[in-house]
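Chains as they are written, first to last, in this note's numbering: chain Y, 1 to 347; chain S, 348 to 671.
Structure first, commentary second.
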Amino acid sequence: MSAAQPLVEIRDLYAEMVTFDGVSKVLNGVNLTIHKGDLLGLVGETGCGKSVTAMTIPRLVPQPPARYTSGEVWFRGENMLSKGGEELRHIRAQHLGVVFQDPMTGLNPVFTVEQQMVDAILNRENHLGSASFPRGWLPSNRERKRQARERAVQLLRRVGIPEPEKRISAYPHQFSGGMRQRVLIAMAISGRPELLIADEPTTALDVSVQAQILRLIAELVREIDLTVLLITHNIGVVAQLCNRIAVMYAGNVVESGLTRDVLRAPKHPYTQGLLRAIPSEEIERGELVGVAGTVPSLLNPPPGCRFAPRCGFAMDKCREAFPPTVSVAPEHDVACVLYPEAVQVSP
Amino acid sequence: MTPILELRNLTKTFGGRGKPLVRAVDNVSFSIETGETFGLLGESGSGKSTLARLIPRLIEPTSGEILFEGKPLQTLSGREMRTIREQIQIVFQNPFSSLNPRMTVRELIGEPLVVHKRASGAALDEKVHEMMRLVGLNPEHTNRFPHEFSGGQRQRIGIARAIILQPKLLILDEPTSALDVSVQAQVLNLLIELQRTLKLTYLLITHDLSVVRYMCDDAALMYLGTVVEQGSVHQVFTEPKHPYTQALLRDIPSTDPDQHMLSSVSLQMDISSAPWSGVGCRFSPRCPAAQIGECKTVEPPLIEITNGQLAACHLVKPAVPVRS
């Protein structure tokens, strides 16, 4: 445990989704820590629970269908699971920014970018009250709108929209995918949040545009003291952008640590398999090794370690109980029985 | 030997008559040899999917020629074209929307046989089972619906549908872009295996450079409807000539944390917002190297640079053969 209190700490979080087919056990005891200034990449395949985990911090997972059965989610020393209503909105407005995956659906097609950005900025001010203005002086609505627009233009300029004074009055369909993603990032940072949650921000984009967006995020982190939780299924993106990585599989964080340590010497069989499945320069045709089998149904997950049915190293005890998380090196944690329990991390 | 597919100056425009004219595919020529895997690369909006649909004439080209085993396809009648289509099949990108949700796997996989009146009854069922085994699906699941399968399995259904008529050429339009990497590896390996056993020729269309590097013999890179670089995969990936190819290769995020991709400079803007005026090199508004006047005034032709490797760039000059 480092001296400073972490910005986010998720402890042993269990969550379920009620569906027509039954109760899906989506999160199976997730542990995740984010320190201030971190750029954490949360990776995993479709349906592994990475978005549910991340969106629990701003409590954006709708309940129902979701329900949290146990665990704690601490953000800036407050338990987010006990928050609601005005208090929750206040925390979101002041400290959190979210960028969603799809730049096509993240903006409302019938309003101009200006209307949407000004709305977001004014809405945030309303939640924070008049604290942002000098005492005893309340500007008119018109004046507030003008200031919000000015701020929106500044933000658009910062995220690299050319001619922002003109472009701000355009509709979302008049922007390309990359430009829309920039607009969404501008909106997310408009309240100067401490934590930015970006859910697959570059998945829908081409490689060259992806590189531009990643570079922009890296610049913003340096400039405005941002902590970032980046959700992605692209390990390359994490390798290039993030200092820390957490790998999720079927509702558990199975491996986490400094990006370099984990990618250089992956310990969990799933992380190893995932890295082997990526086509790279050295791999000859036909020699790519995927991870055999498919992701288990979370309606009826396998007992013990959920990766056991696909794991080449699986033993009897894997099917009995979920393996405890152990430290294999400083700041490198793995949940797998292959590593001795002697150095088990105290929960 | 005649190539299995040859495209000559193929062009497809949309719009016109008052609406802006879009040259989706602009003067594209290349040929694919029997048995090879040809990779067609490009960002979204580069025209690669339009090209995929032009080949079996799902949409009609504006001009140019498509030769399948030496036969020009545009001259064929509807009936003749239908028999040719048995030999040219497409696997579509999205395994979630390209399968009719109200049809069972048996109906989906057997549909091409029914449409082309090639089998019915027990023979049809037998053939469907054979295809399911071939692509790694459990034949007991023939009465299930698409929603009961995972993305990877659905793509296997799409592949089974495409190969049941025993085609010669398979057009794969982004076959794995909707899949997770662990599943992608399984599907790519299945395609390699099928190619060996069924002697298929592939035209693989994708925006993923690493998939092309893994799968293909030859590759062409498209930009705004035209081919800007072409050659063997080895040439294109180890000695890219066009500034666009070079930039794209730099922008693939490597899983090696010691390669600092983000500290290098990449392309500005994106394909749909870069204002190309219609004259000069269409890549010049984004090109980090476009310096000379020619880039803005003359469209560079696609010419051979070194044996078999072609590029369309004023800054790349053909190697002068050394006299011995």
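Here a beta-carbon is modelled for each residue, glycine too, at the ideal position from N, C-alpha and C.
Where residue i meets chain Y, residues with beta-carbon distance less than 8 Å
i: Gly-499 of chain S; result: Thr-294
i: Ile-539 of chain S; result: Arg-285, Gly-286
i: Pro-493 of chain S; result: Those within 8 Å of Pro-493 of chain S in chain Y number zero; the least Cβ separation is about 15 Å.
i: Leu-595 of chain S; result: Val-207, Ser-208
i: Val-558 of chain S; result: Pro-279
i: Asn-536 of chain S; result: Gly-286, Leu-288, Gly-290
i: Ile-599 of chain S; result: Val-207, Gly-236
Residue i to residue j span [Cα, whole Å]
i: Met-428 of chain S; j: Thr-358 of chain S; result: 20 Å
i: Val-682 of chain S; j: Ile-504 of chain S; result: Residue numbering for chain S in the displayed model covers 348 to 671; residue 682 of chain S lies beyond these limits and cannot be assessed.
i: Val-559 of chain S; j: His-127 of chain Y; result: 51 Å
i: Leu-398 of chain S; j: Arg-92 of chain Y; result: 47 Å
i: Val-626 of chain S; j: Val-645 of chain S; result: 6 Å
i: Glu-219 of chain Y; j: Thr-53 of chain Y; result: 26 Å
i: Glu-86 of chain Y; j: Pro-109 of chain Y; result: 28 Å
i: Ser-2 of chain Y; j: Met-562 of chain S; result: Note that Ser-2 of chain Y scores a pLDDT of 46, beneath 50, so its modelled location is shaky; the value from the coordinates is reported in the next line. Cα to Cα, Ser-2 of chain Y sits roughly 46 Å from Met-562 of chain S.
i: Val-26 of chain Y; j: Cys-48 of chain Y; result: 8 Å
i: Leu-354 of chain S; j: Ala-470 of chain S; result: 37 Å
i: Ser-346 of chain Y; j: Gly-257 of chain Y; result: Low confidence applies to Ser-346 of chain Y: its pLDDT is 48, below 50, so where it sits in the model is not reliable, and the reading given next is rough at best. Those two C-alpha atoms are separated by around 16 Å.
i: Ser-671 of chain S; j: Val-574 of chain S; result: At Ser-671 of chain S the pLDDT is 45, less than 50, meaning the model places this residue with poor confidence; the figure from the coordinates comes in the next sentence. Cα-Cα distance, rounded: 34 Å.
i: Glu-78 of chain Y; j: Ile-406 of chain S; result: 59 Å
i: Gln-181 of chain Y; j: Lys-464 of chain S; result: 49 Å
i: Asp-206 of chain Y; j: Met-569 of chain S; result: 13 Å
i: Glu-331 of chain Y; j: Arg-146 of chain Y; result: 48 Å
i: Ile-413 of chain S; j: Gln-421 of chain S; result: 7 Å
i: Val-159 of chain Y; j: Arg-222 of chain Y; result: 14 Å
i: Ser-424 of chain S; j: Gly-498 of chain S; result: 37 Å
i: Pro-6 of chain Y; j: Leu-32 of chain Y; result: 10 Å
i: Val-462 of chain S; j: Gly-411 of chain S; result: 29 Å
i: Met-348 of chain S; j: Thr-653 of chain S; result: 23 Å
i: Leu-516 of chain S; j: Gln-577 of chain S; result: 20 Å
i: Arg-260 of chain Y; j: Ser-611 of chain S; result: 19 Å
i: Val-534 of chain S; j: His-35 of chain Y; result: 39 Å
i: Ala-204 of chain Y; j: Asp-225 of chain Y; result: 27 Å
i: His-268 of chain Y; j: Ala-636 of chain S; result: 44 Å
i: Gly-71 of chain Y; j: Arg-11 of chain Y; result: 6 Å
Presumed contact (8 Å Cβ cut-off) between residue i and residue j, rounded CB distance
i: Ser-396 of chain S; j: Ile-618 of chain S; result: Incorrect: roughly 14 Å between the Cβ atoms, too far for contact.
i: Ser-376 of chain S; j: Asn-356 of chain S; result: 6 Å
i: Leu-229 of chain Y; j: Leu-263 of chain Y; result: Contact flag wrong, Cβ pair sits at about 18 Å.
i: Leu-13 of chain Y; j: Thr-56 of chain Y; result: 7 Å
i: Val-98 of chain Y; j: Ala-188 of chain Y; result: 6 Å
i: His-233 of chain Y; j: Val-43 of chain Y; result: 6 Å
i: Pro-291 of chain Y; j: Gly-273 of chain Y; result: Here the sequence assigns Val to residue 291 of chain Y, which means Pro is not the residue at that position. The Cβ separation is near 4 Å, so the contact holds.
i: Ile-672 of chain S; j: Met-479 of chain S; result: Since the first residue of chain S shown is 348 and the last is 671, residue 672 of chain S is not available in this structure.
i: Met-179 of chain Y; j: Ile-161 of chain Y; result: 6 Å
i: Leu-184 of chain Y; j: Phe-111 of chain Y; result: Wrong, their Cβ atoms sit about 14 Å apart, outside the cutoff.
i: Leu-40 of chain Y; j: Cys-242 of chain Y; result: 6 Å
Interface partners of residue i on chain S, CB under 9 Å
i: His-332 of chain Y; result: Neighbours of His-332 of chain Y on chain S: none; closest Cβ ~14 Å, over 9 Å.
i: Val-247 of chain Y; result: Within 9 Å Cβ-Cβ: nothing; Val-247 of chain Y doesn't reach chain S, min ~12 Å.
i: Val-328 of chain Y; result: Near Val-328 of chain Y there are no residues of chain S at all, since even the closest Cβ is about 18 Å away, more than 9 Å.
i: Thr-259 of chain Y; result: Pro-604
Where residue i meets chain Y, residues with beta-carbon distance less than 7 Å
i: Ala-532 of chain S; result: Ala-277, Leu-288, Val-289, Gly-290
i: Met-479 of chain S; result: Within 7 Å Cβ-Cβ: nothing; Met-479 of chain S doesn't reach chain Y, min ~16 Å.
i: Tyr-561 of chain S; result: Pro-279, Ile-283, Arg-285, Leu-288
i: Asp-527 of chain S; result: Glu-45, Thr-46, His-233
i: Ser-391 of chain S; result: Asp-206
Proximal chain S residues relative to residue i, where beta-carbon distance stays under 8 Å
i: Ala-218 of chain Y; result: Leu-609
Where residue i meets chain S, residues with beta-carbon distance less than 7 Å
i: Arg-215 of chain Y; result: Leu-609
Chain-ordered neighbours of residue i on chain Y, where CB pairs are closer than 9 Å
i: Asp-617 of chain S; result: Ser-176, Gly-177, Gly-178, Met-179, Leu-205, Asp-206, Ser-208, Val-209, Gln-212
Review point. Could you give the uninterrupted runs of the alpha helix (DSSP H) lying entirely in the segment 482 to 549 of chain S, keeping only those of 4 residues or more?
Key: 498 to 510, 528 to 545
Check your understanding: Touching or not, the segment 548 to 566 of chain S and the segment 527 to 539 of chain S, by the rule of three or more beta carbon pairs under 8 Å?
Key -> yes
Review point. Should the segment 248 to 259 of chain Y be called in touch with the segment 318 to 337 of chain Y, which here means at least 3 C-beta pairs below 8 Å?
Key: yes
Check your understanding: Within the chosen definition, does the segment 503 to 517 of chain S reach the segment 429 to 438 of chain S through at least 3 CB pairs nearer than 8 Å?
Key -> yes
Exercise for review: Determine contact between the segment 585 to 598 of chain S and the segment 147 to 163 of chain Y, defined as no fewer than three beta-carbon pairs at a distance below 8 Å.
Suggested key: They do not touch, by the three-pair rule.
Point to revise | Inter-stretch contact (C-beta, 8 Å, three-pair minimum) for the segment 284 to 291 of chain Y and the segment 485 to 494 of chain S | key: no
Point to revise | Every unbroken beta strand (DSSP E) within the segment 233 to 262 of chain Y, with a cutoff of 3 residues, ordered by chain | key: 244 to 249, 252 to 258
Exercise for review: List in chain order: all unbroken alpha helix (DSSP H) runs of 4+ residues lying wholly within the segment 187 to 229 of chain Y.
Suggested key: 207 to 224
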